[in-house]
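Engineer: Have a look at the structure that comes next, please.
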Amino acid sequence: MIFVDTDVLSTFAKIQRLSLLFAVFDQDLLNIAFAVENEIKKGISKGFQFFDEFIALQTQGRIRTYYPTSADQAFMMSLPQTLGAGERESMAICKRLAAVLASNERRVMHHCQANKIHCLNLSDILRLLWELKILTQTDVRKVIIEIETKDRLKFRTIDPIFK
399 MIFVDTDVLS TFAKIQRLSL LFAVFDQDLL NIAFAVENEI KKGISKGFQF
449 FDEFIALQTQ GRIRTYYPTS ADQAFMMSLP QTLGAGERES MAICKRLAAV
499 LASNERRVMH HCQANKIHCL NLSDILRLLW ELKILTQTDV RKVIIEIETK
549 DRLKFRTIDP IFK
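Under my numbering, read the sequence shown as residues 399 to 561, first letter to last.
Structure, rendered in structure tokens:
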């Protein structure tokens, strides 16, 4: 089971390629924490139209929202408040369900590792796209350029993606 954080969702939404997440995870559904849904709704209220595809997928039942339990909330209290609500809630739910979290925040990766939560970052996802033969390496390079252009995210190096 895979959960996707707001940062990964927004990155793929900005390039209008949320379908790649379904393909790389070989899932019919994307799972999100309730706080991630709230973060996206705030973005929509601010006029971020790139989330239109997300809303369409949610309406189609292809995005499932999980709500935190009291045990999740207790675990969330142990995490730094400097992490966003969506990040803390996603980590807590993933810990409880032994699920994988897709997040591109280094701080999240650090706390996932410390709490034995499996986490994939954007580079991992991009690497899987060509390793699983969903895209060619050339197409992944094009996706990287789209991300850097539309999400204003600059990769330090893309070498680990193509190892």
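All C-beta atoms, glycine included, are put in the ideal place defined by N, C-alpha and C.
1. How long is the line joining the alpha carbons of Phe-410 and Leu-419, rounded to whole angstroms?
2. Taking the C-alpha atoms as reference points, what is the distance between Ile-532 and Ile-430?
3. For the region 410-486, list the alpha helix (DSSP H) runs that are entirely contained and at least 4 residues long, ordered along the chain.
4. Given 8 Å as the limit, is there contact between the region 493-500 and the region 474-481, that is, 3 or more CB pairs closer than that?
5. What is the residue span of the beta strand (DSSP E) that Leu-499 lies within?
6. Spatial neighbours of Leu-524 within its chain, please: CB distance less than 6 Å, with the 5 preceding and 5 following residues excluded, ordered by chain position.
7. Can you give me the C-alpha to C-alpha distance between Arg-415 and Ala-454, rounded to a whole angstrom?
8. Quick check: Phe-452 and Ile-438, are their CB atoms within less than 9 Å of each other?
9. Provide the residue span of the alpha helix (DSSP H) that contains Ile-543, from first to last.
10. Based on the DSSP output, what are the partners of Phe-401 in its beta bridges?
11. Using a Cβ-Cβ cutoff of less than 7 Å, which residues in the same chain neighbour Ile-556 once the five nearest sequence positions on both sides are dropped?
Structural biologist: On the basis of the coordinates in this document:
1. The C-alpha of Phe-410 lies about 8 Å from the C-alpha of Leu-419.
2. Each residue's Cα considered, the two are about 23 Å apart.
3. Every alpha helix (DSSP H) of 4 residues or more that sits fully in the region 410-486 is shown, in chain order, as 417-423, 432-443, 450-457 and 468-476.
4. Taking a cut-off of 8 Å on C-beta distances, the region 493-500 does not touch the region 474-481, as fewer than three cross pairs fall below it.
5. Leu-499: member of the beta strand (DSSP E) spanning 498-500, first to last residue.
6. Val-538 and Ile-559, listed in sequence order.
7. One C-alpha to the other measures close to 13 Å.
8. In contact: Phe-452 and Ile-438 (Cβ atoms closer than 9 Å).
9. If you look at Ile-543, you'll find it in the alpha helix (DSSP H) that goes 535-548.
10. Per the DSSP secondary-structure output, Phe-401 pairs in a beta bridge with Asn-429 and Leu-499.
11. Apart from the 5 residues on each side of it in sequence, Ile-556 sits with its Cβ closer than 7 Å to the Cβ of Ile-542 in its chain, given in chain order.
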